[in-house]
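First the structure, in the form of structure tokens, and then the observations on it.
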Amino acid sequence: MKANPRRLSCCLLAASVAIALGGCNNATPPQASNSAAPAATTAPAHAATAAAVPAAKADVVAANIDASVSPGDDFFSYANGAWLKKNPIPASEATWGIGKLVQEDLYGKLRKISEDAAAEKDAAPGSDEQKIGDFWSTAMDTDLADRQGLAPLKPELDRIDAVKDVPGALDEAFALQSLGVDALFDFGVQQDEKQSDVMAVYLEQGGLGLPERDYYFNTEPGVAKARAAYVVHLQHMFKLLGEDDATAGASADKVMAFETALAKVSRPLADLRDPQKNYNKMSPADLTRKYTPGIAWNRQLQAWKLDPSYVIVGQPEFFGGLQKLLGQTPVPVLRDYLRVHLVDDYAATLSKPFDDEHFDFYGRVLTGQQEQQPRWKRALRAENRAIGMILGRIYVHDYFSAETKQRYNALVEAIRTAYGARIDKLDWMSPATKAKAHEKLAAVTKKVGYPDKWKDYSALQIGRDSWAQNEMSARRWAFNDQVSKFGKPVDRSEWDMTPQTYNAYYNPSNNEIVLPAAQFMIPGFSDGEVDDAVVYGYAAASTIGHEITHGFDDQGRQFDAKGNLADWWTKQDAQKFTQRADVLAKQFDAYEPLPGLHINGSASLGENMADLGGVLIGLDAFKQTEEYKKGDKVAGYTPLQRFFLGYALSWIFEERDAMLRQSLLSDVHAPAKWRVNGPLSNIPDFYEAFDVKPGQPMWRDAKDRVQVW
């Protein structure tokens, strides 16, 4: 199932980096997302006492400061400007930052694991080493991919070519779902949001080739240019599929018209964040009768060995619109739509012309990358998506100690304690709601580093036939694994991220925070070289406090302690919360990162609230440490200053305008600069630490400051 803004709440900028190495949910390959990166040495640790930084090494935060910028004017540029000036975005990247440096380190570690496995001559069939080695070897074999061309996809393409009518097109769209191709709609089996101990079938809007529905309508010049380039990309793909120029051009125009009509009946990004409005429970027969008389949902689901008494439909009007659109669309157009989506999804695994064309649009146009990353990095990203947990078992054994895991478990508890104290001090919340909030906070499950129980991949077959075949096998396995959960008890021990992912998430249905091992790394620094102030800003505030706050943001607050979508608020408290949240949404609506493109304050509200809550809670916890109480300066900065600099350190990040444009339209996270300046401008301690004055851009009058948690 494609990443959904109302499901897992991630802390990173976007899906691209995180997903590249096994991040938050599985994004469809065409959607080049935002990446978070893997790190350098061991995790920076929750040090029991402040550690002095050795004189021989530049200070972890002081070295990044651009003193030519006033912290009251633009704290992000002040705190990170020197680093950004010294580290321009490489030509092969759409983004660059601290996460990317972590990722570079992880690339090295995972490449060694993969190459060692590939060199293992006696690896037992079905073993972890055999699967890793064979996946790596085929993904790196460019000659094999070029010789095969489209051959690995020929059986699927033949089936599409054989489609004669709309029912046949629907059958093939359902078949493509098992290959991870988001054709026409999105499907998944996951916890029922109103009954979290039951696995339910979810049906959602989907089927678009551009990153988000607003790409089809927004008139901003950059978006309009990308939209036109998408049609050219489709034409090029159809030519690679064997059509002449005129036929390919006509096919591209018709597919674009079909997708535009599909986008028109899709809900905007912000509307997908209302869990109540996106929860519509009905029987498959009722879905057929009321919205899609041309889709026999019972029959199609039974073909997947699913026989649910109900399904949860995210956007019923989308399926009604899909039904109408199917009736109006010629069958050849449906065939073209299915063909191009299949090939685009697998283009990176095919011969060079397909790979290059896919990159030209989804890389150069949509993200601004100037050149492809080396094949070994792309192979590793694919390997992580396909068999990341298999790699993860080896990774944590070699690079993440039990002591480090325990250290961050303890830091989570420090943040939980600080959150509880903050709830007690709220002057706008009633005792009744506070009691429920405490109940939920106490019930938050923490998962740190890596799973206690590893998933069984014994049924997954990986060989050396082709990269595309291994990709299909992995996707089929993941699909079957998901479907197999229906009717079984919910496995609350399962992880949706690999340990080697620089990201984290909150899952409302499990009321859990998941903090992978790689998330705590600071490139170039070991545990003893990072003082508490920086650790509490970098890890406790931006990650742990952020994820816990997701349980109490505008979406998370609607789920109870057991993970059920249930109202536990008094009416008056809910109104007060909404009023305060609206102030934050309006604050971010006013930011304009690109001319004509503002941050969507409603779509990004949950992440912005988690950022603000995370900083406040991390700060409360930090004030209990010896470093804060002593007040000694390190590298010329007070403990309070270093806390905020540590928070800014976690958001050292820059992106090309094309990537920024994509993020503003399709991502529920604000860009990095505003994830620093936005929340800090609401915090009095920040004003005190850096002597921010009225009239400076970072200053907000007390009456305008957001006060939620």
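Mapped onto mature numbering (1 follows the signal peptide of the UniProt record, and there is no 0), the consecutive letters of the sequence shown carry residue numbers -20 to -1, 1 to 689.
For each residue, glycine too, the CB sits at the ideal point set by N, CA and C.
Everything numeric in this text was worked out from a predicted model, so none of it was measured.
How is the beta strand (DSSP E) around residue i delimited, first residue to last?
i, result
"D177", "175 to 185"
"N487", "485 to 487"
To which residues does DSSP link residue i through a beta bridge?
i, result
"N260", "V293"
"V169", "V181"
"L495", "V428"
"G77", "F633"
If contacts are defined as beta-carbon pairs under 8 Å, then residue i and residue j qualify, I think. What distance do you get, rounded to the angstrom?
i, j, result
"G525", "G598", "4 Å"
"A59", "A652", "The Cβ separation is near 11 Å, so there is no contact."
"I395", "I528", "6 Å"
"G543", "S489", "4 Å"
"V376", "G429", "7 Å"
"S582", "A98", "About 48 Å separates the two Cβ atoms, so there is no contact after all."
"A220", "M236", "The amino acid occupying residue 220 in the given sequence is Leu; Ala does not appear at that position. Actually they are not in contact, since the Cβ atoms of L220 and M236 sit about 17 Å apart, beyond 8 Å."
"D108", "I442", "Actually they are not in contact, since the Cβ atoms of D108 and I442 sit about 10 Å apart, beyond 8 Å."
"A422", "P132", "Actually they are not in contact, since the Cβ atoms of A422 and P132 sit about 51 Å apart, beyond 8 Å."
"N491", "T425", "6 Å"
"L267", "F299", "7 Å"
"D53", "P677", "5 Å"
"A366", "E451", "6 Å"
"L305", "T272", "Not a contact, Cβ separation roughly 11 Å."
"S331", "Q128", "7 Å"
Starting from residue i, follow the alpha helix (DSSP H) in both directions and report where the run begins and ends.
i, result
"G675", "Counting along the chain, G675 falls outside any alpha helix (DSSP H), and DSSP gives it neither H nor E."
"E192", "No alpha helix (DSSP H) holds E192; DSSP gives it neither H nor E."
"Q687", "Here Q687 belongs to no alpha helix (DSSP H), and DSSP marks it neither H nor E."
"R358", "355 to 379"
"Q441", "No alpha helix (DSSP H) contains Q441, which DSSP labels as neither H nor E."
"Y196", "Unbroken run through Y196: none, as it is neither H nor E."
"Q157", "146 to 157"
"Y649", "With the sequence shown as reference, residue 649 is identified as His, and Tyr is not the correct amino acid for it. Element bounds for H649: n/a, residue is neither H nor E."
"D254", "Run containing D254: none; DSSP gives neither H nor E here."
"K433", "Counting along the chain, K433 falls outside any alpha helix (DSSP H), and DSSP gives it neither H nor E."
"V40", "Element bounds for V40: n/a, residue is neither H nor E."
"R402", "382 to 405"
"W457", "447 to 464"
"N60", "55 to 66"
"W116", "108 to 120"
"I140", "134 to 141"
"T240", "225 to 244"
"E419", "411 to 423"
"V203", "201 to 220"
### Message
Would the stretch 387 to 395 count as touching the stretch 100 to 113 if we require 3 or more Cβ pairs under 8 Å?
### Response
no
### Query
Which parts of the stretch 275 to 352 are runs of the beta strand (DSSP E), unbroken and 3 residues or longer, counting only runs that do not cross its ends?
291 to 293
### Query
Of all the beta strand (DSSP E) runs that stay within the bounds of the stretch 583 to 642, which reach a length of 3 or more residues?
633 to 635
### Task
Pair every Cβ in the stretch 118 to 132 with every Cβ in the stretch 353 to 360, then say whether three or more of these pairs are closer than 8 Å.
yes
#### Entry: Start-end ranges of the alpha helix (DSSP H) lying completely within the stretch 509 to 597, minimum 4 residues
512 to 515, 526 to 530, 551 to 569
### Message
Any contact between the stretch 587 to 605 and the stretch 506 to 526? By contact I mean 3 or more CB pairs, one from each, below 8 Å.
### Response
yes
### Query
Quick check: the stretch 417 to 426 against the stretch 536 to 548, are there 3 or more CB pairs under 8 Å?
yes
### Task
Please confirm if the stretch 121 to 141 is in contact with the stretch 316 to 332, defined as three or more CB-CB distances below 8 Å between the two stretches.
yes
#### Entry: Inter-stretch contact (C-beta, 8 Å, three-pair minimum) for the stretch 400 to 409 and the stretch 468 to 476
no
### Message
With a threshold of 8 Å, are at least 3 pairs of Cβ atoms found where one atom belongs to the stretch 338 to 352 and the other to the stretch 255 to 270?
### Response
no
### Task
Would you be able to state if there are at least three C-beta pairs under 8 Å between the stretch 630 to 638 and the stretch 549 to 560?
no
### Three CB pairs or more closer than 8 Å across the stretch 676 to 689 and the stretch 643 to 663
yes
### Query
Would you call the stretch 636 to 647 and the stretch 198 to 207 touching, i.e. three or more CB-CB distances under 8 Å?
yes
### Task
Report yes or no: do three or more beta-carbon pairs, one from the stretch 346 to 354 and one from the stretch 449 to 459, lie closer than 8 Å?
no
#### Entry: Cβ contact check for the stretch 669 to 683 and the stretch 227 to 245: 3 or more pairs under 8 Å
no
### Query
Counting pairs of beta carbons, one from the stretch 286 to 303 and one from the stretch 182 to 190, are three or more of them closer than 8 Å?
yes
### Query
So, do the stretch 326 to 335 and the stretch 57 to 72 have three or more beta carbon pairs nearer to each other than 8 Å?
no
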